[in-house]
Amino acid sequence: GEDVEQSLFLSVREGDSSVINCTYTDSSSTYLYWYKQEPGAGLQLLTYIFSNMDMKQDQRLTVLLNKKDKHLSLRIADTQTGDSAIYFCAESIGSSNTGKLIFGQGTTLQVKP
Amino acid sequence: KAGVTQTPRYLIKTRGQQVTLSCSPISGHRSVSWYQQTPGQGLQFLFEYFSETQRNKGNFPGRFSGRQFSNSRSEMNVSTLELGDSALYLCASSRFPSGGQTQYFGPGTRLLVL
Chain A
4 GEDVEQSLFL
14 SVREGDSSVI
24 NCTYTDSSST
34 YLYWYKQEPG
44 AGLQLLTYIF
54 SNMDMKQDQR
64 LTVLLNKKDK
74 HLSLRIADTQ
84 TGDSAIYFCA
94 ESIGSSNTGK
104 LIFGQGTTLQ
114 VKP
Chain B
559 KAGVTQTPRY
569 LIKTRGQQVT
579 LSCSPISGHR
589 SVSWYQQTPG
599 QGLQFLFEYF
609 SETQRNKGNF
619 PGRFSGRQFS
629 NSRSEMNVST
639 LELGDSALYL
649 CASSRFPSGG
659 QTQYFGPGTR
669 LLVL
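If you read the sequences in order, they're chains A and B.
Last residue of the first sequence: 116 (the numbering used here), numbering continuous.
Last residue of the second sequence: 672 (the numbering used here), numbering continuous.
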């Protein structure tokens with residue numbers, strides 16, 4: 004089935020690292036994404052990882068994928084107050100002929116100064 | 559390059575009315591998808607269009623419909639509005655309808671049904 008789960012809330016201090024976790028169920032997922040949503044705004048693509056990769060690093064962002072456990076994580080190094088937002092993980096399903104995304108519920112990241 | 563634009567940004571309607579939302583994709587993008595975002599259900603896929611054809615449809619009642627024009631712009635329509643249709647409707651565009659294509663989202667249309 005299609006299901007993506009995330010913890011709902013994470014609070015960190017400015018300068019610390021944040022780790023947001025996600026689990027998914029569809030073993031045929033091809034790409035997994037992290038999106039950021041700020042209040043009143045749409046979704047901003049942060050990064051994505053192809054299902055045959057274990058890790059991807061992009062500046063302060065590190066994505067880890069454990070395909071065996073169907074677990075995805077997003078690490079934000081040196082978290083800033085501007086990183087406060089809702090973070091969604093999403094998977095693209097099976098067929099390469101569709102861009103349909105299944106989203107998790109979103110993790111609200113609160114960064115305390 | 560201009561991003562995905564959605565109009566209107568905010569809309570207030572009453573139960574029983576119908577509404578049409580518009581999405582203009584990024585230039586050169588031919589695939590458009592729509593999502594509904596509510597506090598209770600989160601982000602749910604509505605439908606996906608490519609080359610004026612609906613390629614995929616989510617689990618929504620027939621009151622929700624859409625179309626795509628030859629210039630790739632897309633509209634979605636909701637007829638006989640219900641209170642539960644109050645949501646943020648997001649549109650996303652990509653070059654092709656493929657899992658590997660980066661999808662860019664617009665700012666959304668916030669619909670309130672009274």
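Beta carbons are placed, not taken as given, at the ideal position from N, Cα and C, and that holds for glycine.
Every value quoted in this text rests on a predicted model; they were computed, and no experiment measured them.
CB contact check: residue i to chain A, cutoff 7 Å
i: B/G620; result: no
i: B/S591; result: yes
i: B/G600; result: yes
i: B/N614; result: yes
i: B/Q659; result: yes
i: B/G666; result: yes
i: B/P655; result: yes
Contact with chain B by residue i, beta-carbon distance below 7 Å
i: A/Y34; result: yes
i: A/S54; result: no
i: A/G117; result: Chain A is shown from 4 up to 116; residue 117 of chain A falls before or after that span and cannot be answered.
i: A/A88; result: no
i: A/S31; result: no
i: A/Q62; result: no
8 Å Cβ cut-off: residues of chain A touching residue i
i: B/E606; result: T101, G102, K103
i: B/Y662; result: L48
i: B/L648; result: G45, L46
i: B/F603; result: K103, L104, I105
Distance CB(residue i)-CB(residue j) smaller than 7 Å
i: B/S582; j: B/R631; result: yes
i: B/R653; j: B/Q659; result: yes
i: B/R593; j: B/R668; result: This sequence places Tyr at residue 593 of chain B; Arg is not what is there. Going by C-beta atoms, B/Y593 is not nearer than 7 Å to B/R668.
i: A/T110; j: A/D19; result: no
Contact list for residue i against chain B, beta-carbon separation under 7 Å
i: A/Q113; result: Residues of chain B passing the Cβ test: none, with the nearest at roughly 18 Å.
i: A/G109; result: G600
i: A/S95; result: G657
Interface partners of residue i on chain B, CB under 9 Å
i: A/F12; result: Chain B residues near A/F12: none, gap ~14 Å exceeds 9 Å.
Integer Cβ distance of residue i from residue j, believed to fall under 8 Å
i: B/R621; j: B/V636; result: 6 Å
i: B/R588; j: B/F605; result: Not really, about 15 Å apart at Cβ, beyond 8 Å.
i: A/L112; j: A/L68; result: The pair is not a contact, with the Cβ atoms about 20 Å apart (cut-off 8 Å).
i: A/R78; j: A/S31; result: About 26 Å; that fails the 8 Å criterion.
i: A/T101; j: B/G657; result: 7 Å
Partner residues on chain A for residue i, Cβ-Cβ distance less than 7 Å
i: B/S652; result: G102
> Is the segment 85 to 96 of chain A in contact with the segment 33 to 44 of chain A, if contact means three or more CB pairs nearer than 8 Å?
Replying inline: yes
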